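Accompanying notes for the structure given below.
Residue numbers (the working numbering), protein chains in the order written: chain H, 62 to 594; chain Z, 62 to 594.
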């Protein structure tokens, strides 16, 4: 995206519109775009004349699109330099371009995509950036120091939660270096077709959640005994487990040694105490920024998400990649319509093929459920000006910045690469967050336009608003306001640099996110494509 | 099942086996059975001679099957008077009959089932049985008095949980007639293909959960605003909702009036207080037993579940039906192989057709996920002596007693009938419990052989063990020991009558279940057959 007007900020192209005495803003992102988005929080009144010389014919709600020129019926509606839809009727200059006027383009065919044809050159490395983290034996680094108690099956969740309440009240105060104790509960383990295609996804997710760096890189687990997901299947040989000495790492409630519920709780607490002793010995040490594994996500998006918040994440992504860190972006249904842009950016043909493999798998998964990618946008997305999934996807991939895509991670797998990585996940905020946690994420950044009080228990979540009005309305939930980009108060680079510093501060425990301040923690949400029984 | 030996109890046919000096028991359930189950907690030693006159050829683990006669390769292995499998090789008398020796029969074809051909005659009514419950305006009766706060979408769950913590600490003490406050959270509402086939199942489930009699029959809800599952879709016109006066029943976090997280919490607390005032006016009153809606379920089953616990539930089911109550049994994959017995018992051909419709739907659902009913039994089931899903199903339907099946309820729908009802649900304990709660259940009975610390927040759960050894090992989790039936200490009728009385006592608040004593509450688990996006 080349800047092409004098009023440029971070790749955007803007021109002001005067409404009565109020100077409003229209934002166009690419020179060939034939629509622009209104930045005015109240929208544009019908009849307003914009400086480009035409009259606005309809009321244009805030963040919605206005036609910059006549678009004939069947003509392409262009944003981000890409066709986001075709006009269902003649759309005159100055008209409101909304969902009902737009036919959805077909998704890019997966058999004719460019493979690594536009690999970006490497950016200059950035050295000397550090944070204070908890280094683990496996080389990973935690940004929190948590005791996580894994459950092999739903049946034991309330028992572990009962134990966790007691551990927090009775044991945790004696281990001041440990931040918290969590039950890693989930809706899996039994009553599921555990050998059906796709069952490996939830299983490896639970395994890798347990191994997240913030849990010290070693699991403690509670099993029932008769469940389908046996501990030996959850943790096959090779996973480093000898953390609890003689008793092993698994407490099995049905074992004959437990003669009461009280016995079970006592056994869990004994194991927890040994683990707390280990965790309490950990101290924050100075680590290079290359030890960060940052997961990016958007949720409750609006038309500004792709203009302000997501591009500022993209700028931060480039900084992180230059510092040697791992940056994940995800959400298959929200990149599907921009996949031709991503396969071209893949570091090599194999990575491009892996991107295609994940898209094809998801196309087939949705098809099996008689759904398709058009099921993605929400009423709130549409209210916020995002007309369809193509427009949403183009805004979504702005999070990925400009570097080469180095690797693709399957759902539930752990990321092993540095640089920019596509972690294939559904777009559901909770499933994406869970799968990025399983991938080894130690910092999470979440952009929102409509606003959501999202949070995770195991990883800090920085919430970035796409509009200043949201940041002002929710001052005790939004950590960073990218809406200043739309109003011209800050550039994409400004916000991207602020975000990069905020990631280092939160990772170091120097700053606390609002989600952690309030203790807002969404439940683990697994991706289980298989049936329940 | 006709008794045919002197040592009979509740339809069982037993003969003792002598092991050294220990008098062990074998249990045969039907005169034509060619296998029996050992009741001895240590199993039967190889070489033991049983009184029927043959030697046990293998070690027979507790609750496992022994061949009562030679069974030729390809011959039927008969238990409950039904073929549960075919011998994979010649099985001599006295051999251990285990999974590896048995070929799974094909499931009964759905197009050739008997329709209402063996409708049981009505049992004599039983009058005068009562319990003390909370009567609701819609005629339903609660067994607890709970404030439930429904969530339209996952995004708001941690916010509502935060509010619930404050409500419990700051408001609840002033409303002594209210038992508890619950956030009705779930993994649905956004990030799902909300118009895919089957999406109506989770939606109506959340709606009907909110209307469970234990929440006073009227919902209070928290919405985000931009989610796919909008409040108007969750609660369409017709649902009685004017419970919160001027502010309406829904708090929407994205509404412009909330200027902070603190505002959102304050709004939820104000609404909760108005609802607490209403709920606090409720008092327990004497209600006929016909107001009970009892859900039966089994989980962690063993070979005794179908011999002791489930038949005693069947006896209680008959008593409840005679008293005019509603009794639900469920778990499609666990009745599928016994469906020919159920369609014959349907009250009329329409009910039989509805049973078949639910089986066919589930067959297709599993097939779509490349699974089948053989995915059901767990390692614990098999360890406990249940060789396959046919054997499990025959034991499972013993919960239904002997009366006619009056109605079939689709997953997530509310039951509107009295008498015995089949509520179609997956067998997953958590999904079944959730769907029975949505169906309007006000009492839950759960049988277990392997043992599970299962519980629900909204409905009391009585846990019944199939073996005395479990009841002895978990005295503070098991509410009723049906294992006494296997040891001859009690009959099926004895335990069935005890259970009936226990249901009345718990429903009245006179007795507390162990799950409620410890606060063991499994999370809501929705049945969503559609894809996530």
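From the three backbone atoms N, C-alpha and C, an ideal C-beta is built for every residue, glycine too. As the structure is a computational prediction, the values presented were derived from the model and not from experiment.
Beta-bridge pairing of residue i - partner residues as DSSP gives them
i                      : result
residue 193 of chain H : H:347
residue 387 of chain Z : Z:354 and Z:480
residue 502 of chain Z : DSSP output for residue 502 of chain Z lists no bridge partner at all.
residue 284 of chain Z : Z:313
residue 126 of chain H : H:98 and H:158
residue 105 of chain H : H:121
residue 243 of chain Z : Z:209
residue 253 of chain H : H:593
residue 137 of chain Z : Z:147
residue 152 of chain Z : Z:132
residue 164 of chain H : H:147
residue 116 of chain Z : Z:110
Beta-carbon proximity check, residue i vs residue j, cutoff 8 Å
i                      : j                      : result
residue 545 of chain H : residue 168 of chain H : no
residue 511 of chain Z : residue 287 of chain H : yes
residue 343 of chain H : residue 195 of chain H : yes
residue 552 of chain Z : residue 193 of chain Z : no
residue 257 of chain H : residue 591 of chain H : yes
residue 96 of chain H  : residue 134 of chain H : no
residue 556 of chain Z : residue 366 of chain Z : no
residue 525 of chain Z : residue 506 of chain Z : yes
residue 566 of chain H : residue 572 of chain H : yes
residue 312 of chain Z : residue 293 of chain Z : no
residue 454 of chain Z : residue 412 of chain Z : no
Through-space distance from residue j to residue i, alpha-carbon basis
i                      : j                      : result
residue 588 of chain Z : residue 253 of chain H : 11 Å
residue 350 of chain H : residue 383 of chain H : 10 Å
residue 58 of chain H  : residue 464 of chain H : Residue coverage of chain H in this structure runs from 62 to 594, which leaves residue 58 of chain H outside it and unanswerable.
residue 215 of chain Z : residue 378 of chain H : 28 Å
residue 99 of chain Z  : residue 111 of chain Z : 11 Å
residue 166 of chain H : residue 346 of chain H : 51 Å
residue 278 of chain Z : residue 203 of chain Z : 9 Å
residue 574 of chain H : residue 519 of chain H : 13 Å
residue 583 of chain Z : residue 577 of chain Z : 11 Å
residue 315 of chain Z : residue 283 of chain Z : 11 Å
residue 376 of chain H : residue 543 of chain H : 12 Å
residue 502 of chain Z : residue 121 of chain H : 50 Å
residue 199 of chain Z : residue 478 of chain Z : 15 Å
residue 472 of chain H : residue 490 of chain H : 14 Å
residue 522 of chain Z : residue 539 of chain Z : 10 Å
residue 340 of chain H : residue 353 of chain H : 20 Å
residue 170 of chain H : residue 152 of chain Z : 58 Å
residue 189 of chain H : residue 356 of chain H : 22 Å
residue 437 of chain H : residue 445 of chain H : 14 Å
residue 225 of chain H : residue 514 of chain Z : 16 Å
residue 103 of chain Z : residue 530 of chain Z : 11 Å
Endpoints, the beta strand (DSSP E) within which residue i is located
i                      : result
residue 354 of chain Z : 354–359
residue 99 of chain Z  : 96–99
residue 485 of chain H : Element bounds for residue 485 of chain H: n/a, residue is neither H nor E.
Extent of the continuous alpha helix (DSSP H) run through residue i
i                      : result
residue 339 of chain H : 322–341
residue 562 of chain H : 553–568
residue 267 of chain Z : 261–271
residue 572 of chain H : Per DSSP, residue 572 of chain H belongs to no alpha helix (DSSP H) and is neither H nor E.
residue 598 of chain Z : For chain Z, the structure presents residues 62 to 594; residue 598 of chain Z sits outside this window and is missing.
Exercise for review: Could I get the ranges of all uninterrupted alpha helix (DSSP H) runs contained in the stretch 394–469 of chain Z, with 4 residues as the minimum, in chain order?
Suggested key: 400–406, 410–429, 440–444 and 450–457
query = Where are the beta strand (DSSP E) runs, 3 residues long or more, that stay fully inside the stretch 169–229 of chain Z, in chain order?
reply = 191–196 and 207–212
- Task: At 3 residues or longer, and completely inside the stretch 499–545 of chain Z: list those beta strand (DSSP E) runs for me, N to C.
- Result: 504–509 and 522–526
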